[in-house]
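Below is one structure, written out as structure tokens, with a few remarks after it.
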Amino acid sequence: MDQMEKLVSLCKRRGFVFPGSDIYGGLANSWDYGPLGAQMKMNIKSDWWKRAVEMRDDMVGLDGAILMNPKVWEASGHVATFNDPLTECKHCHRRYRADESPFAEHWNEKTGFESAEALQCPSCGKSGVFADVSRFNLMFQTHIGSTSESGSQVYLRPETAQAIFVNFKNILNTSRKKLPFGIAQIGKAFRNEITPGNFIFRTLEFEQMEVEYFVEPNDWEQQFEAWNEWMGAWAEHIGLDMSRLHRLEVPAEELAHYSKRTVDFEFDFPFGKKELWGLAYRQDFDLHNHTEHSGEKLEYSDPDDNKRKIVPHVIEPSMGVDRTLLSLLVSAFREEEVDGDVRTVMKFVPHMAPYHVAVLPLMKKDGLSEKAREIFEYLQASFRCEYDESGSVGKRYRRQDEIGTPYCVTVDYDSLSDESVTVRDRDSMQQERISLTNLLDHLRKCMPYV
Numbered sequence: 026m027d028q029m030e031k032l033v034s035l036c037k038r039r040g041f042v043f044p045g046s047d048i049y050g051g052l053a054n055s056w057d058y059g060p061l062g063a064q065m066k067m068n069i070k071s072d073w074w075k076r077a078v079e080m081r082d083d084m085v086g087l088d089g090a091i092l093m094n095p096k097v098w099e100a101s102g103h104v105a106t107f108n109d110p111l112t113e114c115k116h117c118h119r120r121y122r123a124d125e126s127p128f129a130e131h132w133n134e135k136t137g138f139e140s141a142e143a144l145q146c147p148s149c150g151k152s153g154v155f156a157d158v159s160r161f162n163l164m165f166q167t168h169i170g171s172t173s174e175s176g177s178q179v180y181l182r183p184e185t186a187q188a189i190f191v192n193f194k195n196i197l198n199t200s201r202k203k204l205p206f207g208i209a210q211i212g213k214a215f216r217n218e219i220t221p222g223n224f225i226f227r228t229l230e231f232e233q234m235e236v237e238y239f240v241e242p243n244d245w246e247q248q249f250e251a252w253n254e255w256m257g258a259w260a261e262h263i264g265l266d267m268s269r270l271h272r273l274e275v276p277a278e279e280l281a282h283y284s285k286r287t288v289d290f291e292f293d294f295p296f297g298k299k300e301l302w303g304l305a306y307r308q309d310f311d312l313h314n315h316t317e318h319s320g321e322k323l324e325y326s327d328p329d330d331n332k333r334k335i336v337p338h339v340i341e342p343s344m345g346v347d348r349t350l351l352s353l354l355v356s357a358f359r360e361e362e363v364d365g366d367v368r369t370v371m372k373f374v375p376h377m378a379p380y381h382v383a384v385l386p387l388m389k390k391d392g393l394s395e396k397a398r399e400i401f402e403y404l405q406a407s408f409r410c411e412y413d414e415s416g417s418v419g420k421r422y423r424r425q426d427e428i429g430t431p432y433c434v435t436v437d438y439d440s441l442s443d444e445s446v447t448v449r450d451r452d453s454m455q456q457e458r459i460s461l462t463n464l465l466d467h468l469r470k471c472m473p474y475v
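Each residue of the sequence shown is one higher than the last, beginning at 26 in my numbering.
This is the structure:
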């Protein structure tokens, strides 16, 4: 079993991620986040929001609607350009993207497939059976109201950014920020992908953490580098394996239609090096287009020169919650030999772990459970805690290792008399006797970002 299979198995067994609609046979490429996964997603979003918005005086937030006027997507270019090249095996009818392996080396954007007869279907093995390439729009369509007339058609948003652009004037008028300033948003987006897969890496619905940072046109390079540095620092802060993280300068011919420069943050997943986050210089593409299509002037007035009005340029750091969680799982996963056995341990940094502390009574009798409950309730005010009294204490340690809990607090018979407990470190497995009066301060020192 390879690392990815082990990780997927652990995620289901311990409650990080479950297959979607599992009791009905599932729904391809949909996933539900269990108790531990839901908490980790919240940890990621909360930390990102704190550091991208709350700790900066040049940032404000937005929570835009998922459904928007369809004219938004016409103005943004999504209706015309947001599509992938689709091909289909005529034998087994499996669909593939023409610009991805194993077809990419035979695919040319302008001329189509070269030597199509040599292409072999990865699913059925037949050769030379591929249909002509068609364009497949990635936006999900739905309808407002009780009928499906064309006038009621809307789209599930394929990205969160456009809500920021169409609210630019509202936010500028209410927050009165000066350039440079940014608007941040966390929210769901939806894409009808041709070939989703690789666990939670590419799914039909996902969550984005995005910033649109508005700058003077001649200031974009400095601000681009500042966000480039910020993203790298945040990656290290949340515990990504930095040896797996790489920056790719996207070649000019591969840039999105709105971008003049893009840096992809790529990560070495078990299934290969793939894009994790993106940083793009969108120029004034979006504000200009929405001005043109809506008739509303989306301009910034210079407070030091009332006659000077400009359309700001935009730097966009875009980070997916789901891919960030997957990269944290991959970074944390370890298998270690301990006394002849293999210990599986998730070495999350404490502030990203589902629980900070597990409180374990040695036995479920003689007042130990009551004392442990008392300590558990005391620690809950400061930490994310779990209480566990089922099974041997050794098995409970192993379970906490598998879910990544940094510290276990064990209450034994001596605790009833000497008012002290045993604190076990997840990574070193070392145990230390700590008095209850010092316990809170000890754990805070061990977990400074919690």
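For each residue, glycine too, the CB sits at the ideal point set by N, CA and C. None of these values were measured; they are calculated from a predicted model.
DSSP beta-bridge partners of residue 272 = 290
What's the call for residue 396, buried or exposed, on a 16-neighbour Cβ count within 10 Å?
-> buried
Collapsed DSSP secondary structure at residue 426 in the structure displayed = Residue 426 falls in the helix class under three-state DSSP.
Should the region 314–333 be called in touch with the region 226–235, which here means at least 3 C-beta pairs below 8 Å?
-> Counting Cβ pairs under 8 Å, fewer than three are found: no touch.
I think residue 412 touches residue 398, with their Cβ atoms under 8 Å apart; what is that distance to the nearest whole Å?
-> 7 Å
By how many angstroms is the C-alpha of residue 462 removed from the C-alpha of residue 403?
-> 11 Å
Where do the N-terminal and C-terminal ends of the alpha helix (DSSP H) with residue 408 fall, by residue?
-> No alpha helix (DSSP H) contains residue 408, which DSSP labels as neither H nor E.
Mark residue 315 as exposed unless 16 or more other C-beta atoms lie within 10 angstroms of its C-beta, in which case mark it buried.
-> buried
Is it right to say residue 282 is buried, meaning 16 or more other beta carbons lie within 10 angstroms of its own, or is it exposed?
-> exposed
Segment limits, alpha helix (DSSP H) that includes residue 257 | 245–262
Cβ neighbours of residue 117 in the same chain (closer than 6 Å, five flanking residues each side left out) | 148, 149
C-beta atoms of residue 204 and residue 252 nearer than 7 Å | no
On the DSSP bridge assignment, give the partners of residue 433 in chain order.
-> 383, 449
Residue 98 versus residue 104: straight-line alpha-carbon distance, rounded = 6 Å
Are the beta-carbon atoms belonging to residue 373 and residue 264 less than 7 Å from one another?
-> The criterion of a C-beta distance shorter than 7 Å is satisfied by residue 373 and residue 264.
Considering only residues of the same chain and omitting the five flanking positions on each side of residue 177, which have a CB-CB separation below 7 Å?
-> So the qualifying residues of the chain are 168, 169, 170.
To which residues of the same chain is residue 452 closer than 7 Å at the C-beta, ignoring the five residues directly before and after it?
-> Cβ neighbours of residue 452 within its own chain (closer than 7 Å, five residues either side excluded): 372.
Exposed or buried, residue 28, counting other C-beta atoms within 10 Å across all chains shown (16 or more means buried)?
-> exposed
Reference residue 227; option with closest CA among 93, 301, 273 | 301
Helix or strand or just coil, what does DSSP make of residue 182?
-> DSSP places residue 182 in coil when its eight states are reduced to three.
What does a CB cutoff of less than 8 Å around residue 387 pick up in its chain, not counting 5 residues either side in sequence?
-> 393, 418, 435, 436, 437, 438
Three-state secondary structure assigned by DSSP to residue 116 = coil
With 16 as the cutoff for other CB atoms within 10 Å, does residue 242 come out buried or exposed?
-> exposed
For the alpha helix (DSSP H) that contains residue 67, what are its first and last residues?
-> 60–74
Is it the case that the Cβ atoms of residue 51 and residue 44 are separated by a distance below 7 Å?
-> A Cβ-Cβ contact shorter than 7 Å links residue 51 with residue 44.
Pair within 7 Å by beta-carbon distance, residue 408 and residue 381 = Yes. Within cutoff.
Candidates 217, 312, 75, 222: closest to residue 238 by CA position = Nearest to residue 238 by C-alpha distance, out of 217, 312, 75, 222, is 312.
Whole angstroms is fine: what's the gap from residue 464's alpha carbon to residue 449's?
-> 12 Å
Rounded separation between residue 362 and residue 454 - CA only = 13 Å
Measure the CB-CB distance between residue 89 and residue 78 and report whether it falls below 7 Å.
-> The answer is no: Cβ separation not under 7 Å.
For residue 460, name the three-state secondary structure that DSSP assigns.
-> strand
Are the beta-carbon atoms belonging to residue 292 and residue 352 less than 7 Å from one another?
-> yes
Would the beta-carbon of residue 225 fall within 7 Å of that of residue 56?
-> yes
What do you reckon, are the CB atoms on residue 338 and residue 309 nearer than 7 Å?
-> yes
Alpha carbon to alpha carbon, how far is residue 358 from residue 197?
-> 44 Å
Among the residues of its own chain, which have a CB less than 7 Å from the CB of residue 39, if the five just before and after it don't count?
-> 61, 427, 428
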